[in-house]
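Novice: Sharing a structure with you now.
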Amino acid sequence: MVHHRFFRSVCLLLAIAAGAAPGVAQYDLGPLKLPTQFAQLPYSNDFEASAGTVPPTMALTRFNAITLKFDAEAWCNIGQLGSCMTPFDGAYCLEMGLRPSSTNYHDVRNAMVLGLDGSGYSGSQTLSYLVTDYGDEWDLVDGVWLSNDGSLWYSIADWSLATSTWEEGQPAGLASTPVDVSGKFYLAFVQEDNFPFHDLDGIGIDKINIPAKVSGKSLGPLNLPTTFTPLPYDEGFEVAGGVVPDYMAVSALDTYTLQPDTNAWCNIGQRAACLDPFKGAYCLEMGADPSGTSNNFVRNALVIGLDGSNYGGQLDMSYFAANYGEEMDAVDGVWFSQDGSGWFPLRDWSGMVERVWTDSKPIDLSGVPIDLHTRFYLAFVEEDNSPFYGYDGLAIDEIHIPAKWVGVELGPLQVPYGYTVPPWVETFELAAGEVPGYLACTQLDAFDQPDPSAWCNLGQLSSCSNPHSGLYALEMGLAPGATAHIARNAMVMGVDPSFTTEPMTLSFMLYNAGDEYDPVDGVWISSNMNDWFMVQDFVGFSYNSWQYSGTVDLSITPVDVNQRFFLAFVQQDNLAYLASDGIGIDRIAIPALPAPPVLSVSNLNAGSTSSLTVTQAPSDSHCIFLASTIGAGTNYAQETELGLMPPVVQLGVEPTTSAGGAQLSSKVPNGLVGQTIWFQAVGVSQGLGVVSNVVSKRVN
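Letter 32 of the sequence shown, counting from 1, is numbered 54 in the working numbering, and no numbers are missing.
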């Protein structure tokens, strides 16, 4: 049972991870019962009116979590199974868990599905509810889901942050998924568990409202601005020049007394010069006084007054943040409020890499349970007990509503003095271990100083360890045998698209040797070597195998890709390349090439039949199998760059399946014992050759 449950959880995790944003991935929650009628929006339900009777706009499901069949021990109760035990107020609420009296501990899945109709509704598409957690361990189905057909569901909120007291659930926007809520749709509250409700486990729900009716959290007596600045809003703190404008207010408080504290440091330049802005001379700094010696806890906040009355643009937000040793506190994060009293969280500071300015990426504001088309407040809040910048604290810069691309400084990167001309495929073989003029390698330490033990190697530092094909690749990490420390490596390529009409797309092969992700890890583009924009990160590549990047659109940033530009492959790490760390890059192509075939060779024994197997080749075509006894290197045949040194022997040609697979079986001559052979396959697509990796094996 445990393994089955784990498998289902992994499947759902993969389904959610496949979406472009939270809530976008779809999932089948099983054959949930569906209501027979639909209630019109706006909708409010505290379960008191139904008085324990299930109305036709609601349906309750009680499943065994493994079989997805009815389970009498499952407890999905609004009063029809028994008196509700601890409603928020009144006599009724939704209770989900195992039957309170049960001793048959096993996994059950409960669901309450509401039929709702948004036809003619023009109000805020936000959901609020109260939730209490009686010991629930979070399962991936736990939460609030939307569906148009009752079959494919989209997650909009979960119970992962719920506590044992009744509190407002995670704010949820109904417009954050592909579900059309302008007509009839379904809203489901789902919970999976294995212990009795209330005593050891389970979730309680009460006071469901669309639009949201929530009071928010008190952050203390924060100072509020006296005016409101209109949306769209762009804040780099430079215009204010260290003076707090009237649409901002800073608070610097003692955490426990919530009284002003001179040791609290909420600075945009009005107290002292800013220490480490992302851009320009100013930013928001929050922590304890940099020169202070007291370690008392302080609470800092910058509140911004905003006015969306005349704004009809996109409601999302971006900013840059830097963490200087921040430990997470309950108030830390970005908050919104209508009245400056009740605050709603948007994002916290958890998961940030220390001392690196990190892009928040666009954050959808549709789930914020206040009206952003009128006046409202935005707050950045931080609580801490050590001096800012030295040991602790949080900094914010470049706040934008709607979200904007903002160029990043990657440090003093070396500049190439030449340019490649697309179409171009960089396999590093022609340079043969030298750094050509259109490439430049940079090796820095954590303080942006040259680091001789940083490893940005094309073969000029040492023989390459594991190219995808041939003898050379880009390797980034620490030098073999180097003492562990943070280093940043970058290879910059100059690109001149002036002589081509080819689309400016990119593909490459990547080897992840165990790299832990840093915000700088990825492919960046720039027109001036100062403002860099990320076009692809290295997240999601599995360890210890060469993988294809897919097609990367280079035109998605403000950089004009019709003029000369620079591409940077950047990686930050603390261990030696291939010693559980590092990133390898090979076969960089502009425009993007399709995924290369993957070749494997088995049973290379003299006198036996060996098998050469290809996957990912062009489908319904043919594949040419080649071999060399000389070695790997660069060689051209019919305008195809091979990775084998001549003479190259053609072993055979085999058709490829609709899935791009092909196999060649060949008897190995006895006279080849002890000989090393290099193999490669070429898939043929529209008359052009697409080469596989090179495999070298010794004949046994």
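From the three backbone atoms N, C-alpha and C, an ideal C-beta is built for every residue, glycine too.
Please read these numbers as outputs of a predicted model, since none were measured by experiment.
Leaving aside the five residues before and after D164 along the sequence, list all residues of the same chain whose C-beta is less than 8 Å from its C-beta, in chain order.
Specialist: So the qualifying residues of the chain are D158, D180, W181, S182, V212, Q213, E214 and I225.
Novice: Taking buried to mean at least 16 other C-beta atoms within 10 Å of its own C-beta, is A271 buried or exposed?
Specialist: Looking at its Cβ environment, which holds 16 or more other Cβ atoms inside 10 Å, A271 is buried.
Novice: Taking the C-alpha atoms as reference points, what is the distance between A506 and G499?
Specialist: Their Cα atoms are separated by approximately 10 Å.
Novice: Can you give the Cα-Cα distance for S124 and V592, rounded to whole angstroms?
Specialist: Going by the C-alpha atoms only, they are around 56 Å apart.
Novice: Determine the DSSP secondary structure at N692, reduced to helix, strand or coil.
Specialist: Helix, per DSSP.
Novice: Could you give the DSSP three-state label for V457: helix, strand or coil?
Specialist: Reduced to three states, the DSSP call for V457 is coil.
Novice: Determine contact between the stretch 621 to 634 and the stretch 660 to 669, defined as no fewer than three beta-carbon pairs at a distance below 8 Å.
Specialist: Taking 8 Å as the limit for Cβ pairs, the verdict is that the stretch 660 to 669 does not touch the stretch 621 to 634.
Novice: Is G45 helix, strand or coil when you go by DSSP?
Specialist: The pLDDT assigned to G45 is 41, lower than 50, so where the model puts this residue is not dependable, and the model offers no usable value.
Novice: So, at 7 Å on beta carbons, what are the nonlocal neighbours of D202 in its own chain, with the 5 sequence-adjacent residues on each side left out?
Specialist: Closer than 7 Å at the Cβ level, and outside the excluded window around D202, lie N170.
Novice: Considering only residues of the same chain and omitting the five flanking positions on each side of E257, which have a CB-CB separation below 6 Å?
Specialist: These residues qualify, in order along the chain: I421.
Novice: Leaving out five residues on either side along the sequence, give the residues of the same chain with a beta carbon under 6 Å from the beta carbon of A43.
Specialist: At A43 the pLDDT is 36, less than 50, meaning the model places this residue with poor confidence; the figure from the coordinates comes in the next sentence. For A43, where only same-chain residues beyond five positions count, there are no Cβ hits under 6 Å.
Novice: CA-CA distance, G400 and F366?
Specialist: Sequence inspection shows Leu at residue 400; the Gly mentioned does not correspond to that position. Rounded to the nearest angstrom, the two C-alpha atoms are 10 Å apart.
Novice: Is it true that the CB of D553 sits closer than 8 Å to the CB of D603?
Specialist: Their beta carbons are not under 8 Å apart, which means D603 does not touch D553 by this criterion.
Novice: Would you call G45 buried or exposed, if buried means 16 or more other Cβ atoms sit within 10 Å of its Cβ?
Specialist: Caution applies to G45, whose pLDDT of 41 falls short of 50 and renders its modelled position unreliable; the value that the coordinates give is listed next. G45 should be labelled buried.
Novice: Between L496, A197, S650 and G327, which has its C-alpha nearest W357's C-alpha?
Specialist: Measuring from the Cα of W357, the nearest candidate turns out to be G327.
Novice: Just curious, the beta strand (DSSP E) that Q702 is in, first and last residue?
Specialist: Here the beta strand (DSSP E) through Q702 covers T698 to S707.
Novice: For V717 and T698, what's the separation of their Cα atoms in angstroms?
Specialist: Rounded to the nearest angstrom, the two C-alpha atoms are 10 Å apart.
Novice: Just checking my contact of G674 with F647 at CB under 8 Å: how many whole Å lie between their CB atoms?
Specialist: Yes, they are in contact, since the Cβ atoms of G674 and F647 sit about 5 Å apart, within 8 Å.
Novice: From the DSSP output, in three-state form, read off R293 for me.
Specialist: Residue state, collapsed to three classes: coil.
Novice: Can you say whether N627 is buried or exposed, counting buried as having 16 or more other CB atoms within 10 angstroms of its CB?
Specialist: That one is exposed.
Novice: Whose CA, out of V353, S340 and G412, lies closest to the CA of S372?
Specialist: For S372, the nearest C-alpha among the options comes from V353.
Novice: Please list, in chain order, all residues of the same chain as V706 whose beta carbon is under 6 Å from its beta carbon, the five residues on each side excluded.
Specialist: Same-chain partners within the cutoff: S643 and H644.
Novice: In this structure, does DSSP put A37 in helix, strand or coil?
Specialist: Only weak support exists for where A37 lies, its pLDDT of 35 falling under 50; the value from the coordinates is given anyway. A37 falls in the helix class under three-state DSSP.
Novice: Which ranges would you report for the beta strand (DSSP E) in the stretch 501 to 574 if only whole runs of at least 3 residues count?
Specialist: Fully enclosed beta strand (DSSP E) runs of 3 or longer: 509 to 517, 527 to 534, 544 to 548, 555 to 559 and 568 to 570.
Novice: Could you compute how far the alpha carbon of Q585 sits from the alpha carbon of A87?
Specialist: In a straight line, the C-alpha of Q585 is about 57 Å away from that of A87.
Novice: Starting from K135, trace the beta strand (DSSP E) in both directions and tell me its first and last residue.
Specialist: The amino acid at residue 135 is misidentified as Lys; the sequence shows Val. Here the beta strand (DSSP E) through V135 covers V130 to D139.
Novice: Of all the options Y304, S408, L576 and F521, which has the alpha carbon lying nearest to the alpha carbon of W546?
Specialist: Cα-wise, what sits closest to W546 is L576.
Novice: Pop quiz: L152 and E189 are said to be a contact at Cβ under 8 Å. What is the actual Cβ separation, rounded to whole angstroms?
Specialist: Indeed, because the Cβ distance is near 7 Å, the residues count as touching under 8 Å.
Novice: Please classify F342 as buried or exposed, where buried requires at least 16 neighbouring CB atoms within 10 angstroms.
Specialist: Buried, since its Cβ has 16 or more Cβ neighbours within 10 Å.
Novice: Going by DSSP, name the residue or residues bridged to C478.
Specialist: The partner list for C478 (beta bridge, DSSP) reads M498.
Novice: With C-beta atoms as the reference, is P458 less than 8 Å away from P613?
Specialist: Contact flag unset, no.
Novice: How many angstroms separate the CA atom of M107 from the CA atom of E349?
Specialist: C-alpha separation (whole angstroms): 37 Å.
Novice: Closest by CA to M80, which one among A590, Y208, D419 and P409?
Specialist: The candidate whose alpha carbon is nearest that of M80 is Y208.
Novice: Locate the beta strand (DSSP E) running through G440, then write down its first and last residues.
Specialist: Element bounds for G440: n/a, residue is neither H nor E.
Novice: Runs of 3 residues minimum, wholly inside the stretch 347 to 416: which ones carry the beta strand (DSSP E) assignment?
Specialist: Counting whole runs of 3 or more residues, the stretch 347 to 416 contains the beta strand (DSSP E) stretches 355 to 359, 365 to 369 and 397 to 406.
Novice: Using the rule of at least 16 other Cβ atoms within 10 Å of the residue's Cβ for burial, across every protein chain shown, is R720 buried or exposed?
Specialist: Per the 10 Å Cβ criterion, exposed.
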